[in-house]
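Colleague: Just dropping this structure here.
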Amino acid sequence: MRRLLLCALAAAASLAGTASSAQSLNVDLDTLFGPRSLGIGTPTDAFGAAADQPGFWNLVSATGPGPRPLYTLGGGWTPATYRTWGGYGSGGAWQNPRRFTFGEANDDFWMLMGDAGRTGVVGVSHQLFPPVPVRVILFEGLEPGLYEVYTYCVAPYEDRYVPVEVTVPGALTENPQLSTGRMPPDWQFRRGITHAVHRVWCIDGVIEVEVLAPSNPQYWPHSYVNGLQLKKLKKLK
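The opening position of the sequence shown corresponds to residue 24 in the working numbering, with each subsequent residue numbered one higher.
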């Protein structure tokens, strides 16, 4: 309720007319050690992903919980932090099927999408623990303003439909949104298949993202979150 009230207040506030990238952020959920052929490591700074936002990629542990300091697109320090709870557990990393075409270390798409964190609790049978807990991702210390939030949710190894619900409390856009998979054969980003996009006002420095595994045991624990991008569009005066 507090988040909804804050967003309503922000919508009525006066705005600067130009876009701001001062605290736009790229975040890759990752396993911390291993070869790049398994998607371990971040994309290069030239990679903009679906947000068309090239720049530094923050590596955060898919296991959580944090807090983890975050850096700007230029690699500069910010007061912003990342933390997560509710869906602890790395989903691991998977062999890049295009490694012979692109080389083991040169495929930015796989660096983002080839490793991920589970949206449910690792090691707990779905049948014994319904419903699957929400994974909450919290960005704190952000500059106030209007943001687009890109949330990537695809099971790297699943060649099938695995829906994941993504909610950003207080968003101006539809809530929740589905990212359904499967991984596109041409490896192009497609909203609703590889990711969800929300637009939200932030005036208290906090943006929350909730990622929920489906209740159908056919899909869990095969639902994942791969990474996020925050794209700052406007700032408060």
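We treat Cβ as the ideally placed atom computed from N, Cα and C, and that holds for glycine.
How is the beta strand (DSSP E) around L253 delimited, first residue to last?
Modeller: On the sequence shown, residue 253 is found 230 positions in, with the first residue counted as 1. G250 to K258 is the span of the beta strand (DSSP E), which, as asked, contains L253.
Colleague: Spatial neighbours of W108 within its chain, please: C-beta separation below 7 Å, excluding the five flanking residues on both sides.
Modeller: Taking the first residue of the sequence shown as 1, we reach residue 108 at position 85. G87, P88 and V159, listed in sequence order.
Colleague: In the DSSP assignment, find the alpha helix (DSSP H) that holds D131 and state where it starts and stops.
Modeller: One-based indexing of the sequence shown puts residue 131 at position 108. D131 to M136 is the extent of the alpha helix (DSSP H) around D131.
Colleague: What does a CB cutoff of less than 6 Å around A33 pick up in its chain, not counting 5 residues either side in sequence?
Modeller: Taking the first residue of the sequence shown as position 1, residue 33 is located at position 10. Because the pLDDT of A33 is 44, which lies under 50, any placement of that residue in the model is unreliable, and the question is left without a value.
Colleague: Starting from the C-beta of Y184, find all residues in its chain whose C-beta is less than 8 Å away, skip the five residues before and the five after it, and write them out in chain order.
Modeller: Along the sequence shown, one-based indexing puts residue 184 at 161. Cβ within range, chain order: T203, G204 and R205.
Colleague: Could you tell me the distance, in whole angstroms, from the CA atom of L169 to the CA atom of L256?
Modeller: To locate residue 169, count along the sequence shown from 1; it is residue 146. To locate residue 256, count along the sequence shown from 1; it is residue 233. Spanning the two alpha carbons is a distance of roughly 5 Å.
Colleague: On the three-state DSSP scale, how would you describe R59?
Modeller: In the sequence shown, the residue the question calls residue 59 occupies position 36. R59 falls in the helix class under three-state DSSP.
Colleague: Verify whether the separation of the beta carbon atoms of D131 and F70 is less than 7 Å.
Modeller: Here residue 131 refers to the residue found at position 108 when the sequence shown is read from its first residue. Here residue 70 refers to the residue found at position 47 when the sequence shown is read from its first residue. Yes, the pair counts as a contact, with Cβ atoms nearer than the cut-off.
Colleague: Candidates Q200, L135 and H218: which alpha carbon is nearest C176's?
Modeller: One-based indexing of the sequence shown puts residue 176 at position 153. The candidate whose alpha carbon is nearest that of C176 is H218.
Colleague: How many angstroms separate the CA atom of L29 from the CA atom of E166?
Modeller: Counted from its first residue, the sequence shown places residue 29 at position 6. Counted from its first residue, the sequence shown places residue 166 at position 143. Confidence in L29 is poor, its pLDDT being 48 and thus under 50, which makes the residue's placement too unreliable to answer from.
Colleague: Assign A72 to one of three DSSP states: helix, strand, or coil.
Modeller: Numbered from 1 along the sequence shown, position 49 holds the residue referred to as residue 72. DSSP places A72 in helix when its eight states are reduced to three.
Colleague: Report the three-state DSSP secondary structure of V232 (helix, strand or coil).
Modeller: To locate residue 232, count along the sequence shown from 1; it is residue 209. In the structure shown, V232 sits in a strand (DSSP, three-state: E or B).
Colleague: State the beta-bridge partners of H218 as determined by DSSP.
Modeller: The sequence position of residue 218 within the sequence shown is 195, counting from 1. DSSP, once it has assigned bridges, lists Y175 and R214 as partnering H218.
Colleague: First and last residue of the beta strand (DSSP E) that includes L52?
Modeller: Sequence index remark: in the sequence shown, residue 52 carries index 29 (1-based). That run of the beta strand (DSSP E) goes L48 to D53.
Colleague: Determine the closest residue to W80 out of M136, P58 and G57, with distance taken between C-alpha atoms.
Modeller: Counting from 1 along the sequence shown, the entry for residue 80 is found at position 57. Of the listed residues, the one whose Cα sits closest to W80 is M136.
Colleague: What do you get for P192, buried or exposed, if any count of 16 or more other CB atoms within 10 angstroms of its CB means buried?
Modeller: As a working mapping, residue 192 is identified with position 169 in the sequence shown. Flag for P192 reads buried.
Colleague: For N249 and L52, which I take to be in contact (beta-carbon distance under 8 Å), what is that distance rounded to the nearest angstrom?
Modeller: Taking the first residue of the sequence shown as position 1, residue 249 is located at position 226. Taking the first residue of the sequence shown as position 1, residue 52 is located at position 29. Yes, they are in contact, since the Cβ atoms of N249 and L52 sit about 6 Å apart, within 8 Å.
Colleague: Quick check on the DSSP output: the beta strand (DSSP E) that includes P92 runs from which residue to which?
Modeller: Locating residue 92 in the sequence shown gives position 69, where the first residue counts as 1. Its beta strand (DSSP E) spans residues R91 to Y94.
Colleague: How long is the line joining the alpha carbons of G98 and G78, rounded to whole angstroms?
Modeller: As a working mapping, residue 98 is identified with position 75 in the sequence shown. As a working mapping, residue 78 is identified with position 55 in the sequence shown. Whole-angstrom Cα-Cα distance: 8 Å.
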